[in-house]
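Student: One structure coming up, written as structure tokens, with questions to follow.
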Ligand code: TYM
């Protein structure tokens, strides 16, 4: 059975981009695959986090994933710091990856900004830890949004380089799974910027905890252009804000842009936005309710994470033992 791994950072609000680009596919991939889903708290501290907020956010993301349909008996749901093998293999990968490879990572450049000297070493080595997350389980399939593609290419390079250096065929080549009409959900305020947790404007994103009123208001205020909707997706090429809303509609209704446009051909945005808000609320509101219910029982959330971590450790241990043998570490 193919082994699937993916991760998400516990840094504040989950938003519709996380859901449509990743989480929804995580839920679907539970059919016919062995799945590990990880809340990557070690990645979160590559930038400063308030300890209490980090714990709260880890539990919130766990509740959101369960509410979205992650089955904690079939899949392994856990937080990264509880399985020490991630950090251990990341160190070995720090010694495999080349500086030149990391220098090309666009996410580091974006996140470090102009003050690169002041960025943490962890932020720079971030993709090596990501490769370790996946390969400590020798997972092959990784469902993510478009923005993680470059990191997964690096994970392939690291696997290949390790295998070559030690003359083994040990680590598999990671396959990114980037599917659906919303692999890159854009900001509601700017059709050329990604919807993101770190955007200063809350109007740029729909959070998974937003009320129906907030969802409707954000969609109503979403930036668009003065033209009505076209009948054909090709006509959206130069209209990024319109294309974004159409793709969101397509993803939420399990259809595609062509089908959405044939239903709304010639419609003004006012009508389309009203329908989009209804649809978004229909999908998000039940999850928000379930998430709140789950969060009321912190003991349950922590037990899920503990159980997941135990199962993850059992899968990682024999793989790490083999890595030690390959590298030449004495196991006394
Ligand atoms: P993170 O926490 O930024 O995002 C979690 C997932 O959501 C996707 N995503 C989006 N998809 C579409 N449109 C958007 N606007 C959007 N914003 C976020 C991301 O692509 C991701 O799939 N480095 C990763 C976490 C990670 C990981 C891993 C992923 C750590 N280790 C190993 C896969 C495998 C991250 O920061 O995701």
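Numbering (my numbering), first residue to last: 27 to 358. Backbone N, C-alpha and C define an ideal beta-carbon position, used for all residues, glycine too. Everything numeric in this text was worked out from a predicted model, so none of it was measured.
1. Which class does residue 299 belong to by DSSP, given the choice of helix, strand or coil?
2. Give a yes or no on whether the C-beta atoms belonging to residue 158 and residue 180 are separated by under 8 angstroms.
3. By the three-class DSSP mapping on this structure, what secondary structure does residue 169 have?
4. Which residues in the same chain as residue 321 place their Cβ atom closer than 8 angstroms to its Cβ, once the five residues preceding and following it in sequence are excluded?
5. Would you mind working out which of 214, 317, 103 and 42 sits nearest residue 64, comparing C-alpha positions?
6. Please classify residue 355: does DSSP put it in a helix, a strand, or coil?
7. Between residue 372 and ligand 1, is the CB less than 7 angstroms from at least one heavy atom?
8. Candidates 39, 81 and 43: which alpha carbon is nearest residue 324's?
9. Excluding sequence positions up to five away, which residues of its chain have a Cβ less than 7 angstroms from the Cβ of residue 56?
10. Cutting at 6 angstroms between CB atoms, please list the residues of its own chain near residue 28, excluding the five before and the five after it.
11. Under a three-way DSSP split, which group does residue 163 fall into?
12. Along the chain, which unbroken stretches of the alpha helix (DSSP H) at least 4 residues long are found entirely within the region 203 to 286?
13. Could you tell me if the beta carbon of residue 222 falls within a distance shorter than 7 angstroms of some heavy atom in ligand 1?
14. Tell me whether residue 44 counts as near ligand 1, meaning its Cβ is closer than 7 angstroms to at least one heavy atom of that ligand.
15. Following the continuous beta strand (DSSP E) through residue 32, name the residue where it begins and the one where it ends.
16. Please go through the same chain and pick out, in chain order, the residues whose beta-carbon is closer than 6 angstroms to the beta-carbon of residue 414, but skip the five residues on each side of it.
17. Cα separation between residue 12 and residue 237?
18. Whether or not the region 111 to 131 and the region 69 to 80 are in contact is what I'm after, with contact meaning three or more pairs of Cβ atoms, one per stretch, closer than 8 angstroms; do they touch?
19. Using CA coordinates, which residue listed in 345, 351 and 354 is at the minimum distance from residue 161?
20. For residue 95, which residues of its own chain have a beta-carbon under 7 angstroms away from its beta-carbon, when the five flanking residues on both sides are left out?
21. Are residue 40 and residue 234 touching if we call contact CB-CB under 8 angstroms?
22. Tell me whether the region 190 to 197 and the region 135 to 148 touch, counting them as touching only if at least three CB pairs, one residue from each stretch, are closer than 8 angstroms.
23. Is residue 218 near ligand 1, going by C-beta to nearest heavy atom under 7 angstroms?
24. Excluding the 5 residues flanking residue 105 on each side, which residues of the same chain have their C-beta closer than 6 angstroms to its C-beta?
25. Check residue 76 in the structure and name its three-state DSSP category.
Tutor: In brief:
1. By 1-based counting over the chain shown, the position of residue 299 is 273. The answer is helix: DSSP assigns residue 299 an H, G or I state.
2. Looking up residue 158 in the chain shown gives position 132. Looking up residue 180 in the chain shown gives position 154. At a Cβ-Cβ threshold of 8 angstroms, residue 158 and residue 180 do not count as neighbours.
3. Translated into the one-based positions of the chain shown, residue 169 becomes position 143. Here residue 169 sits in strand by DSSP.
4. Position 295 of the chain shown, counted from the start, is the residue given in the question as residue 321. Around residue 321: 85, 86, 89 and 327.
5. In the chain shown, the residue the question calls residue 64 occupies position 38. Taking only the C-alpha atoms, the option nearest residue 64 is 103.
6. On the chain shown, position 329 is the one that residue 355 refers to. In this structure, residue 355 counts as coil in the three-state DSSP scheme.
7. Because the chain spans 27 through 358 in this model, residue 372 falls outside it and cannot be assessed.
8. To locate residue 324, count along the chain shown from 1; it is residue 298. The shortest Cα separation from residue 324 among 39, 81 and 43 belongs to 81.
9. Start at 1 with the first residue of the chain shown, and residue 56 comes out as number 30. Closer than 7 angstroms at Cβ, skipping near neighbours: 97, 100 and 101.
10. What you label residue 28 is simply residue 2 of the chain shown in a count that begins at 1. Closer than 6 angstroms at Cβ, skipping near neighbours: 59, 166 and 167.
11. Numbered from 1 along the chain shown, position 137 holds the residue referred to as residue 163. In the three-state scheme derived from DSSP, where H, G and I count as helix and E and B as strand, residue 163 is classed as coil.
12. As far as the region 203 to 286 is concerned, its whole alpha helix (DSSP H) runs of at least 4 residues are 238 to 247 and 266 to 278.
13. Stepping through the chain shown from its first residue, residue 222 is reached at position 196. The beta carbon of residue 222 sits closer than 7 angstroms to at least one heavy atom of ligand 1.
14. Reading the chain shown from its first residue, position 18 is the one you call residue 44. A distance criterion of 7 angstroms places the beta-carbon of residue 44 in contact range of ligand 1, judged by its closest non-hydrogen atom.
15. Position 6 of the chain shown, counted from the start, is the residue given in the question as residue 32. That run of the beta strand (DSSP E) goes 29 to 34.
16. Absent from the model: residue 414. The displayed extent of the chain is 27 to 358, so no value can be given.
17. Examination of residue 12 is not possible in this model, given that the chain is present from 27 through 358 alone.
18. Three or more beta-carbon pairs separated by less than 8 angstroms are not found between the region 69 to 80 and the region 111 to 131, which leaves the two stretches without contact.
19. For this step, residue 161 is matched to residue 135 along the chain shown. Closest by alpha carbon: 345.
20. The residue you call residue 95 lines up with position 69 of the chain shown. Counting only Cβ-Cβ distances below 7 angstroms, and skipping sequence neighbours, we find 53.
21. Along the chain shown, one-based indexing puts residue 40 at 14. Along the chain shown, one-based indexing puts residue 234 at 208. Taking 8 angstroms as the Cβ cut-off, residue 40 and residue 234 qualify as a contacting pair.
22. Taking a cut-off of 8 angstroms on C-beta distances, the region 190 to 197 does not touch the region 135 to 148, as fewer than three cross pairs fall below it.
23. In the chain shown, the residue the question calls residue 218 occupies position 192. Every heavy atom of ligand 1 is 7 angstroms or more from the Cβ of residue 218, so no.
24. Within the chain shown, the letter at position 79 stands for residue 105. Same-chain partners within the cutoff: 65, 67, 84 and 331.
25. Counting from one through the chain shown, the residue named residue 76 turns up at place 50. In the structure shown, residue 76 sits in coil (DSSP, three-state: anything other than H, G, I, E or B).
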